[in-house]
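This report concerns only the one structure given below.
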Amino acid sequence: MKILVAIKRVIDANVRVQLKRDGSGIVTDGVKMSINPFDEIALEEALRIRESGQDAEIVAVSIGSDTSQQQLRTALAMGADRALLIKTDDEVQPLRAAHALLAVVQKEQPDLVLMGKQAIDDDSNQTGQMLAALWQRPQATFTSKLEIAGDKVRCTREVDAGLETIEADLPAVVTTDLRLNQPRYVKMPDIMKAKRKPLDTMELSELGTPELPMLQITAYEAPQGRAGGGRKVENAAELVQALKERGVL
Amino acid sequence: MAKILLIAEHDGQSLNPATAKAVSCAQAIGGEIDVAVFAASAGAVAEKASSLEGVTRILTVERPENEAPLASVLAPQIAALAADYTHVLLPSTTFGKDVMPRVAALLGVAPISDIMAVIDPTTFKRPIYAGNAIVTVKAPAEPLVLGTARTASFQPAAEGGSADIVAKQLDVELPAHTRYVGLKGGGGDRPDLQSAPRVVSGGRGVGSEENFQIIYKLADKLHAAVGASRAAVDAGFVPNEMQVGQTGKIIAPELYVAVGISGAIQHCTGIKDAGTIVAINKDPDAPIFEIADIGLVGDLFEVLPELEKALDASA
Ligand SMILES: Cc1cc2nc3c(=O)[nH]c(=O)nc-3n(C[C@H](O)[C@H](O)[C@H](O)COP(=O)(O)OP(=O)(O)OC[C@H]3O[C@@H](n4cnc5c(N)ncnc54)[C@H](O)[C@@H]3O)c2cc1C
Ligand SMILES: Nc1ncnc2c1ncn2[C@@H]1O[C@H](COP(=O)(O)O)[C@@H](O)[C@H]1O
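Keeping their order, the protein sequence lines are chains H and R. Counting from 1, position 166 in the first sequence corresponds to residue 167 in the numbering used here; the numbering is continuous, with no gaps. Counting from 1, position 51 in the second sequence corresponds to residue 52 in the numbering used here; the numbering is continuous, with no gaps.
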């Protein structure tokens with residue numbers, strides 16, 4: 002089978018993001034960038050499917066500027082067979098990403114597309130569902146367990162009410178939640194080997210995707226902080242007293 | 002004037018409280034509000050929805066395929082129904098997040114996730130970077146505006162209305178490529194985590210599934226729902242649906258009590274809008290104290306029994 006994994010380059014999850022002083026955006030200069038954590042989980046799952054004995058080719062795809070090659074190289078080092086960069090220096094919102102991925106899917110004809118449930122920069126949680134709709138295929142979002150049986154996939158989804166299970170015909174789009182797996186660390190020799198794996202590049206404009214509507218971001222601001230840093234009480238009785246004073250008991 | 006279609010969330014029997022919050026978001030946009038109930042049989046849910054104040058009409062779309070909330074089945078129906086509206090809204094729950102973008106792609110719309118404030122009918126605020134920044138976004142008005150309403154940002158609409166219930170027939174072909182198998186929910190009879198006015202959460206510091214009883218006991222005393230940190234869920238102390246935070250539930254109770262939780266940024270993202278935050282932790286330097294309104298440094302296994310006694314004494 003063929004598995005396509007979407008890889009987005011984002012500010013590393015451990016970085017405390019900062020607003021630019023003039024409020025025109027987020028500081029990205031000199032900031033550590035990584036594979037979106039949910040995409041790392043998606044790739045790990047693809048690797049595990051292959052390691053479970055399935056004959057699988059794993060293709061990592063990213064849409065973004067040239068710098069995304071770094072994350073694709075990391076994906077290759079983790080174990081992807083080849084990588085594809087859809088190059089653009091423009092902002093890539095989810096609908097654009099989904100249309101670009103649709104073009105790739107139509108060319109590559111994968112049996113499974115694994116993606117993150119959300120990118121931790123825009124937190125949109127949209128692209129996988131959009132791709133599934135455009136491709137007219139099943140979607141399983143928030144997946145924490147995945148089993149492939151023949152031409153079907155069975156997914157356990159972390160929904161608000163608990164764990165939901167659905168079954169879908171392949172090909173399908175599956176988006177990952179944190180508990181799906183724990184991604185492996187990349188080993189030094191694999192980084193060396195990854196340098197020889199194919200990484201193809203293509204201009205986004207060559208894909209012939211249509212004109213698409215976009216959200217226009219008109220302002221960035223810091224969230225309203227909580228006053229917090231509130232008072233410390235010494236014991237349970239004082240705590241109850243303090244809650245009463247605040248009128249919450 | 003805006004004409005808003007709101008998609009009700011329900012489990013076939015009862016209306017999910019997130020729906021009433023999304024109604025408030027719709028009211029902030031202003032205009033006529035229709036609530037659509039997609040179900041195999043919409044009866045009780047439609048009744049309940051019709052009592053929400055500010056709602057103009059309830060539209061029921063009854064089909065056997067609508068028994069379970071499958072995005073691939075619901076999206077084409079919502080897209081068909083959307084034609085008469087300027088706005089389509091869903092709650093920003095796992096249900097809304099699953100369905101909304103699928104509708105967006107069918108309609109060719111750039112949608113807004115997690116609306117936290119309405120500036121004008123096409124301009125909204127939403128969080129990015131786990132709530133570490135807020136952006137103002139302007140959406141194209143044509144063909145329509147589509148989004149999810151962040152439930153922690155809106156109060157539930159009041160009850161007391163009596164909107165008309167109208168049955169709708171939609172002639173839409175539905176895919177059969179996805180099948181619902183089932184739901185395993187912890188549920189029980191504790192208050193719902195997402196709408197409860199009080200929540201007690203436990204973290205890794207609680208130590209084990211058995212020890213979590215101490216959290217349940219305090220919650221029962223306070224009539225509170227129970228939540229947890231990711232570490233507590235990952236360690237298997239409690240099921241996943243109890244996770245609070247960036248990748249769990251974003252909640253805004255009047256009272257939040259964090260027990261044995263360090264206060265990682267991803268956890269705090271989920272409780273920023275709470276009224277009063279209480280932290281109980283044995284480490285005086287735990288970051289949770291930075292956002293807590295009331296802090297108590299101590300061993301939870303000593304503090305919680307004392308707290309129960311103090312609550313009894315003051316009752
Ligand atoms: C992409 C991403 C998404 C994430 N999403 C979430 C999310 O949605 N929700 C979430 O919660 N986390 C999330 N996390 C994880 C988060 O970073 C933390 O790892 C997690 O919140 C820690 O949980 P904790 O506070 O229970 O554990 P710890 O950080 O280990 O803290 C345990 C605390 O318990 C205290 N303690 C121990 N024993 C006692 C005792 N006897 N009495 C009193 N106090 C005691 C300790 O002092 C300590 O402060 C996410 C992480 C990432 C990278
Ligand atoms: N520019 C991109 N390049 C590659 N994958 C992307 C891109 N944008 C979004 N994705 C994928 O879509 C998922 C959800 O992103 P989002 O809808 O932005 O929250 C991510 O986890 C990625 O797997």
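Think of the CB as a built atom: it goes at the ideal place given N, C-alpha and C, for glycine as much as any other residue.
- Beyond the five residues adjoining it in sequence on each side, A69 of chain R comes within less than 7 Å, by CB distance, of Y181 in the same chain, given in chain order.
- Shown here for P199 of chain H: same chain residues with a beta carbon closer than 6 Å to its own, the five before and five after excluded, namely R83 in chain order.
- Residue range 124–129 is occupied by the beta strand (DSSP E) that includes K126 of chain R.
- By the CB criterion at 8 Å, N241 of chain R and L164 of chain H fall inside the cutoff.
- Taking 9 Å as the upper bound on Cβ-Cβ separation, chain H lies near residues P176, A177, H178, T179, R180, Y181, V182, G183 of the segment 155–183 of chain R.
- Residue contact with chain R for L216 of chain H: present (Cβ-Cβ distance below 8 Å to some residue of chain R).
- Put simply, the backbone Cα of L75 of chain R is about 34 Å away from that of A232 of chain R.
- Scanning its chain for C-beta atoms nearer than 6 Å, with the 5 sequence neighbours on each side dropped, one finds around T61 of chain R the residues V38, A43, A47, A168, in chain order.
- Taking C-alpha positions only, Q78 of chain R is separated from A236 of chain R by approximately 40 Å.
- For I216 of chain R, the uninterrupted alpha helix (DSSP H) segment begins and ends at 214–223.
- If one requires a minimum length of 3 residues, the beta strand (DSSP E) runs lying completely within the segment 60–142 of chain R are 88–92, 113–116, 118–121, 124–129, 134–139, in chain order.
- Identification of residues in the segment 196–225 of chain H having a C-beta nearer than 9 Å to some C-beta of chain R yields P211, L213, P214, M215, L216, Q217, I218, T219, A220, Y221, E222, A223, P224, Q225, given in sequence order.
- Interface flag for R185 of chain H against chain R is unset, since no Cβ pair is found closer than 8 Å.
- Within the segment 24–66 of chain R, the runs of beta strand (DSSP E) at least 3 residues long that lie entirely inside it are, in chain order, 33–40, 58–63.
- The beta carbon of Q267 of chain R lies closer than 8 Å to those of A131, R231, G246, Q247, T248 in the same chain, with the five residues before and after it left out.
- Here A280 of chain R has A259, I289, F290, A293, G296 as same chain residues with Cβ atoms under 6 Å from its own Cβ, once five neighbours each way along the sequence are excluded.
- Between the segment 2–11 of chain H and the segment 107–122 of chain H, the count of Cβ pairs shorter than 8 Å is three or higher; the stretches touch.
- Rounded to whole angstroms, the separation of the alpha carbons of L250 of chain H and P144 of chain R is 48 Å.
- L85 of chain H carries a strand assignment under DSSP once its states are collapsed to helix, strand and coil.
- When secondary structure is reduced to three states using DSSP, Q55 of chain H falls in the coil class, being assigned neither helix nor strand.
- Looking at R:A21, R:L108, R:N17, R:L7, the one whose alpha-carbon comes closest to that of P157 of chain R is R:A21.
- Secondary structure note for K194 of chain H: its alpha helix (DSSP H) is the uninterrupted segment 189–195.
- Counting other Cβ atoms within 10 Å of its Cβ, H88 of chain R reaches 16 or more and is therefore classed as buried.
- Per the coordinates, the alpha-carbon of R158 of chain H lies some 6 Å from the alpha-carbon of S145 of chain H.
- Taking a contact to require three or more Cβ pairs closer than 8 Å, the segment 35–52 of chain H and the segment 86–101 of chain H do not qualify as touching.
- One thing to note: T176 of chain H has its Cβ within 8 Å of the Cβ of T142 of chain H.
- One alpha carbon belongs to L216 of chain H, the other to V138 of chain R, and they sit about 6 Å apart.
- L44 of chain H carries a helical assignment under DSSP once its states are collapsed to helix, strand and coil.
- In terms of Cα proximity to D178 of chain H, the closest of H:N15, H:N37, H:P211, H:V32 is H:N37.
- For the segment 110–124 of chain H, the residues whose beta carbon sits under 9 Å from a beta carbon of chain R are, in order, K118, Q119, I121, D122, D123, D124.
- Annotation: V234 of chain R to Q195 of chain R spans about 17 Å, alpha carbon to alpha carbon.
- Taking 8 Å as the upper bound for CB-CB distance, I59 of chain R and I166 of chain R are in contact here, some 5 Å apart.
- In this structure, DSSP gives V28 of chain H a state outside helix and strand, which the three-state scheme calls coil.
- In the structure shown, F155 of chain R adopts coil according to DSSP, grouped into three states.
- Taken from the Cβ of A37 of chain R, every heavy atom of ligand 1 lies 7 Å or farther away.
- In this structure, the C-beta of M116 of chain H approaches ligand 2 to less than 7 Å from one of its heavy atoms.
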